[in-house]
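Those protein sequences? They're chains L, F and S, same order as listed.
The opening residue of the first sequence carries number 43 in the numbering used here; numbering runs sequentially from there.
The opening residue of the second sequence carries number 141 in the numbering used here; numbering runs sequentially from there.
The opening residue of the third sequence carries number 1060 in the numbering used here; numbering runs sequentially from there.
Presented below is the structure to which this report refers.
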Amino acid sequence: MTLSKFDYYGPKTVAEAVGLLGEIGEGAKVMAGGTDVLVRIRHRMLKPRAVVGLKRIEGLNGISCGPKRGLSVGATALLADVAAHRGIRRLYPGIAEAALGTANVQVRNMATLAGNLCNASPAADNAPTLLALNAELTIQGPGGERKRPLEGFFKGPGVTDLAPEEVVTAIFVPPPAERSGTAYLHLSARGKHDCTAVGVGVMLAMAGRKCRDARIFISACGPTPLRAPQAEQMLIGQVPTDKRMAEAGVRASGEALPICDIRASADYRCRVLGVLTRRALQAARDRAAKKG
Amino acid sequence: MEDRYSIIGKDVPRNDAVAKATGAAAYTDDMKLPGMLHGKLLRSPLPHARIRRIDTSRAERLPGVKCVITGEDTPKVKYGNWRLFPTTQDEYPLAVDKVRFIGDEVAAVAAVDVDTALEALELIRVEYEELPAVFDVDAALAKTAPALHEASPTNISIDRKISYGDVERGFSASDYVREDTFTVHAVSPGYMEPCSSLALCDLDGRITLWTSTQTPYIVQCLLASTLGMRENDIRVIKPFVGGGFGGKMELRPWEFCAAFMARRTGRPVKFTLTRQEELCYGRRRHPMKLWSKVGFKKDGTLVAKDLKILLDGGAYNAMGPTATFLCGNFGAMLYRYPNYRFLGEHVYTNKAPASAMRGFGAPQSLFAAETQMNMAAEELGIDPIELRIKNAMVTGDEIPGVATISSCGFIESLQEAAKMSGWKRKRKNFKAGRGIGVGCYSFISGGVFNWFNTQYPFSAAEVRAFADGTVHLLTMASDIGQGSDTVLKQILAEELGLGMEDIRITSADTAMTPQADLGTWGSRVTLMGGGAVQNAARKIKEELFGTVSARFDLNVIFEMECRNGRVYAKGKPERGMTFGEAVALAQKARRGEPLVARGYYTPRDKGLVTPAFSFGAQVAEVEVDRETGIVSVKKMWTAHDCGTVINPMAVEGQLEGSIHMGLGYALSEELQVENGRTMNNTFLDYKMFTAEDMPPGESVCIETYEPEGPMGAKEAGEGLASPTAPAVAEAVYHATGYRCKDLPITPEKILKGMKK
Amino acid sequence: MKHEITLHVNGDEYPIAVDPWRTLNEVLREDLNLTGTKFGCGSGDCGACTVLVEGRSVNSCLTLAVEMDGREITTVEGLAPSGERLHPIQEAFVERGAIQCGFCTPGMELSALHLLEKNPKPTEAEIRSAISGNLCRCTGYNKIVEAVADAAGRMKPKK
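Rendered as structure tokens:
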């Protein structure tokens, strides 16, 4: 099937993009990498009147990363560049893992981190880790720029907090907490690069032998990426033993709202979610320990 | 033996490899003709319905639309590959009165571009009266079930019985009897090239059709009958084809529509399917329900087997009748079954039709048979490979009334697979989560049953020899990626003592290549097409031998030879000349008449199934994550008997490709159909293994000599679709205690069925 | 409204007017007659349509032509531009039996090129990962992996 017909605009600045969205009004679709938007247009799940491409906006594809300044990823930075970025791999290995675990080589050479978030797929690979790391979005709209936490951004499958005339311009991740570790694990019926049936992103921060902070986010087990606060509470202030992590995993699977679809049954999702959560927590703990 | 052959047994690169590597190879959708229109099909959104009315007027008025047709516009001639039995021909190119599955073709549009054709589809109004539908064999066989076709009130379209010995007495005489029910699922052939067809109507009204097919001759004949034209007024050309695996061996509605609309509009018309259409509505491997009862003596000797299979055929017969036949035959292959009974029934359901797909009934039948063998071995306390060796068929064995095994390297395959894999050691000493299992196969080298009712030989070849030392091979055999053009050239080069570069090949053009060839399916081309090539080559040789013999005044007792580009007396190589000189001389003796020979192959007196069977054994080693149920295949070992290996690189390629498909069948691929709708419509959700998922493998060819095959060759690579699923299932059982009797093996089933 | 753009494909310039909804795949195949690039699925899952844009492998079926204005594109036809000698990757694919039906071949070769340009001596695992976005239904991938490793050896290291 060919794509349905639409007009195309390639603004040079964010302000121009926002202006265009206002002018076009209903039926305008913002596109970064296009790997999701164009598939949905091809399958007629989306029939925009106009596509506003962000790729020609200069400086929007930057990545800046440092232990003090944190991580900032521009809206058109490619997943391939996020996955390969040395600083990200060193400071935020969970983010690099999630980016590398998204789709396949070609798609990662086109798709963006911001696009993956804005599509708001419940199975989005990059959401859980960013949520676990308290990521923040920079959003530009007619009234200027606003920032908001990523948490709470997702409202349902394909639905976000973004207003029709707004554009996400960057994702900011605060500097990693001291003695903290992150990990992202996902699982599907086929290999590493596949649509995720269950995913877990975690962040664990240590103080002495005890866990100071824990954040656990789950993907593909509810209408949006979900947080598992009860499981987090089971860890905070405790010594994160394997046993405790296993218990937290079980609790996390109780907090999920999985459905049955062609990728897995709800039952199976619940069962392995506990396992993945435990494994992700262990990996995060080991990483935190390495940082001493 | 070393130099018995010059080019047989060599890793000759494919003759089309450079064209494919550079992107120059033109597949059907790569072709364009002046004035060409683009066709699209309107498909039924309902699984079962009567068509009340179709209004195409708005579509016809859309600018750019040149032709809109429905079943009412067509000659309404049913078709199907089983031409010998016209009652099995149950399909119209476009639906007439009724639709029987979601995706059934209802109307077609030809327009100046694809966008316009798609827009026109949305303007066609169809009024349906929805009918009750059935989605599995049980529902279809219920007393109250609606009949899909008037001719089959029970929804059983065809059945097949096999019986020899006395099964009941066999079970009475058995010490150990077990009964099991297995189910297997639908999978897609998953060829990379979506179907495409381009038709041109010339000024005389004749049709030329370029089409992505495995069977140009079948398409030619059935296109003629459905269009009401003479066969010879239709020319079918197979350009480069991007795989078929059984899914492209029938006449398809878009081939008919392209030709019909090309005639109507006077302009070329091209149809190309989308991947979504391929996955949702395309041909697939039959889901089946298999009930099997088997009896053994205490020492493991097989005594009897009773097998009943229900094939979930979908809405039309397609190649279902052949699959029904073959699953019965393969239920009793590999081992000596003194008493055997089979009942296979092909059942209509309101789903996309199942048809041929690599193995053609054998993968399903052998999954059940080989799994049951593994289960029996465990209960009898005999090693699964030992149990197989004890009962294995050998050369000379006869299957009563069905076939004689003319060559068989099965026992050697089992022994070799056990040796390579370290079977004994691993079987005993594996830790939890690791397992090893075995599965075996046998397959046909082409069928002998003339269901298509061809009036020509099964395979044909023409060889034209030239004084410049070159030859031209013409054959209707279809290379769809498996490499038959290369293999046929190798056979000809060997026979005539020429190099690959000396042979031009024209293949799979029904107007240019000799009548006929039944096409690429059932692993028939090497043996049958190769047999025809050899037959033609030998006629050329005879002529050249006579010419050279006369020129040197040779004693009649001299053996002659063609080798290294020369034709000469075997004992006195200096008495000879180059191949080209010999051709020139022969041509002179014929007063200018070119040296041309035709060769043919038709299996005669070869039983009911095939002239030759291949055999093999495969061992799989897996690791199962006992917490998630995820299976990782560590390694595959295969030993197989494909007779003389003509091109080892091509055989390996076939083998590795089979493992890819077999692992998908076992573990990851499944067309999930809900209420008649195929849910996984992309390769994201129809999960074929990627390069990262593929395990390493080791293989060995057990060379036998098949007397019926060219240079002793027989089937390679299709039968190998069968052993992988039972081998992996057994390995998973060994690792976890979960015994899979319903494919595919999913992580979920493993977690549920795992013994702690 | 059509957009006036200039595509740079395999070193040639093509000034063309395209509808905004047209993909790079359609423009290459239909307007430029570069049919070596295939169309296999339309959703970025099979890789048959892979081309390089500024040296990076992308799915041409998910790339809007209008966004390719001024970009350097390499298709399979650009691998061995002279036509006299094959590119080392092509040579290795031919000789190693990495080609059967050939429909995945152009995309595979470009994924291989994308890998080898960055990583001249890849491990087997790196090769498998690099071509994991290209499905092949015929070969089981092993001969393709061998061919890419072989091609790495044949390609002269850049100075």
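Built from N, CA and C at the ideal position, the CB exists for glycine as well.
- request: Put S:Asp1090 into one of helix, strand or coil per three-state DSSP.
  value: Assignment of S:Asp1090 by DSSP, reduced to helix, strand and coil, places it in the helix class.
field: Contact set between F:Met819 and chain L, taken where Cβ atoms lie within less than 9 Å
entry: Within chain L, the residues placing a beta-carbon under 9 Å from that of F:Met819 are Asp303, Ile304, ordered along the chain.
query: Name the chain L residues that come within less than 8 Å of F:Glu390, Cβ to Cβ?
result: Within 8 Å Cβ-Cβ: nothing; F:Glu390 doesn't reach chain L, min ~24 Å.
message: Just to confirm before moving on: does the CB-CB distance between L:Thr224 and L:Ala262 stay below 8 Å?
response: Contact: no.
- prompt: Hey, is S:Glu1185's beta-carbon within less than 8 Å of any beta-carbon in chain L?
  reply: By the rule that beta-carbons nearer than 8 Å mark a contact, S:Glu1185 does not touch chain L.
task: Pull out every residue of the region 181-193 of chain F whose Cβ sits closer than 9 Å to any Cβ of chain L, in chain order.
output: Across the region 181-193 of chain F, no CB contact with chain L closer than 9 Å is found for any residue.
field: Closest Cα partner of F:Leu694 within the set F:Asn675, F:Arg715, F:Glu855
entry: F:Leu694 has its Cα closest to that of F:Arg715, out of F:Asn675, F:Arg715, F:Glu855.
- prompt: CB-CB under 6 Å to F:Arg766, same chain, minus the five flanking residues each way: which ones, in chain order?
  reply: So the qualifying residues of the chain are Gly573.
message: Taking a contact to mean a Cβ-Cβ separation below 8 Å, would you say F:Ala656 touches F:Ala600 in this structure?
response: In this structure, F:Ala600 lies closer than 8 Å to F:Ala656 by Cβ.
message: Assuming L:Gln275 is part of the alpha helix (DSSP H), what are its boundary residues?
response: That run of the alpha helix (DSSP H) goes 271-277.
- prompt: To the nearest whole angstrom, what separates the beta carbons of F:Ala752 and F:Glu810, a pair I think is in contact under 8 Å?
  reply: 33 Å between Cβ atoms; not a contact.
task: Can you give me, in chain order, the residues of the region 298-327 of chain L that have a beta carbon less than 8 Å from any beta carbon in chain F?
output: Listed by position along the chain: Ile304, Arg305, Ala306, Ser307, Asp309, Tyr310, Arg313, Val314, Val317, Leu318.
- prompt: For F:Thr876 versus F:Val773, is the C-beta distance shorter than 8 Å?
  reply: Not closer than 8 Å, so no.
task: Compare the C-beta of S:Ile1132 with all C-beta atoms of chain F and state if any pair is closer than 8 Å.
output: The beta carbon of S:Ile1132 does not come within 8 Å of any beta carbon belonging to chain F, so the residue lies off that interface.
query: Under a three-way DSSP split, which group does F:Tyr805 fall into?
result: Three-state result, F:Tyr805: helix.
- prompt: Excluding the five sequence neighbours on either side, which residues of its own chain have a C-beta within less than 7 Å of the C-beta of F:Glu556, listed in chain order?
  reply: Excluding residues within five positions, the ones whose Cβ falls inside 7 Å are Ala779, Val840, Ile842.
message: Between F:Val707 and F:Phe719, how many whole angstroms is the CB-CB distance? I'm expecting something under 8 Å.
response: F:Phe719 and F:Val707 do touch by the CB rule: their CB atoms are close to 6 Å apart, below 8 Å.
query: Is it buried or exposed for S:Ala1208, if we count other Cβ within 10 angstroms and need 16 for buried?
result: Taking all protein chains shown into account, S:Ala1208 has 16 or more neighbouring C-beta atoms within 10 Å of its C-beta and is therefore buried.
query: Taking buried to mean at least 16 other C-beta atoms within 10 Å of its own C-beta, is F:Ile697 buried or exposed?
result: Classification for F:Ile697: exposed.
message: Below 7 Å on C-beta distance, what does L:Asp49 contact in chain S?
response: Residues of chain S passing the Cβ test: Met1060, Pro1079.
- prompt: Residue ranges of each beta strand (DSSP E) run of no fewer than 3 residues wholly in the region 156-191 of chain F, ordered along the chain?
  reply: Every beta strand (DSSP E) stretch that sits fully inside the region 156-191 of chain F and reaches 3 residues is listed by chain position as 177-183.
field: Interface partners of L:Leu80 on chain F, CB under 9 Å
entry: The premise fails here: L:Leu80 is roughly 13 Å from chain F at the closest Cβ pair, so nothing lies under 9 Å.
- request: Within its chain, find whatever has a CB closer than 6 Å to the CB of L:Arg305; leave out the 5 residues flanking it on each side and keep chain order.
  value: Result list for L:Arg305: Ala239, in chain order.
- prompt: Does the Cβ of F:Asn155 have 16 or more other Cβ atoms within 10 Å, making it buried, or fewer, making it exposed?
  reply: Counting the other CB atoms within 10 Å of its CB gives F:Asn155 a total of 16 or more, which places it among the buried residues.
task: Could you name each continuous alpha helix (DSSP H) segment of 4 residues or more that falls completely within the region 89-132 of chain L, going from the start of the chain to the end?
output: For the region 89-132 of chain L, whole alpha helix (DSSP H) runs of length 4 or above, ordered along the chain, are 121-126.
query: Got a sec: is the Cβ-Cβ distance from S:Asp1071 to anything in chain F below 8 Å?
result: Contact with chain F is absent for S:Asp1071, since none of that chain's Cβ atoms lies less than 8 Å from the residue's Cβ.
message: Pairs of beta-carbons, one from the region 468-477 of chain F and one from the region 819-835 of chain F, closer than 8 Å: are there three or more?
response: Flag = no, the region 468-477 of chain F and the region 819-835 of chain F do not touch.
message: Whole angstroms are fine: how far does the CA of L:Gly76 sit from the CA of F:Thr353?
response: Near 34 Å, if we compare the C-alpha coordinates of L:Gly76 and F:Thr353.
query: Taking the alpha carbon of F:Met616 as the point to measure from, which residue in F:Ser561, F:Gln416, F:Gly577, F:Ile377 has its own alpha carbon closest?
result: Taking only the C-alpha atoms, the option nearest F:Met616 is F:Ile377.
message: Please give the ranges of any alpha helix (DSSP H) in the region 709-740 of chain F, keeping only runs that are unbroken, at least 4 residues long and fully inside the region.
response: DSSP runs (the alpha helix (DSSP H)) wholly in the region 709-740 of chain F: 719-729.
message: To test your reading of the DSSP string, which unbroken alpha helix (DSSP H) runs of 4 or more residues are found completely within the region 487-573 of chain F?
response: For the region 487-573 of chain F, the continuous alpha helix (DSSP H) assignments of 4+ residues that do not extend past its boundaries occur at 502-520, 524-531, 550-561, 563-568, in sequence order.
query: Taking the continuous alpha helix (DSSP H) assigned at F:Val673, which residues delimit it?
result: For F:Val673, the uninterrupted alpha helix (DSSP H) segment begins and ends at 670-691.
query: Does the beta-carbon of L:Thr283 have 16 or more other beta-carbons within 10 angstroms, so that it is buried, or is it exposed?
result: Of the residues assessed, L:Thr283 falls on the exposed side of the cut-off, its CB having fewer than 16 other CB atoms within 10 angstroms.
field: Contacts that F:Lys629 makes with chain S (C-beta to C-beta distance below 7 Å)
entry: The contacting residues do not exist; F:Lys629 stays about 16 Å from chain S at best.
query: Under a three-way DSSP split, which group does L:Ala298 fall into?
result: L:Ala298 carries a coil assignment under DSSP once its states are collapsed to helix, strand and coil.
- prompt: Since L:Met2 meets chain F, which of its residues come closer than 8 Å, beta carbon to beta carbon?
  reply: No statement about residue 2 of chain L is possible, as the shown extent of chain L runs from 43 to 334 and does not include it.
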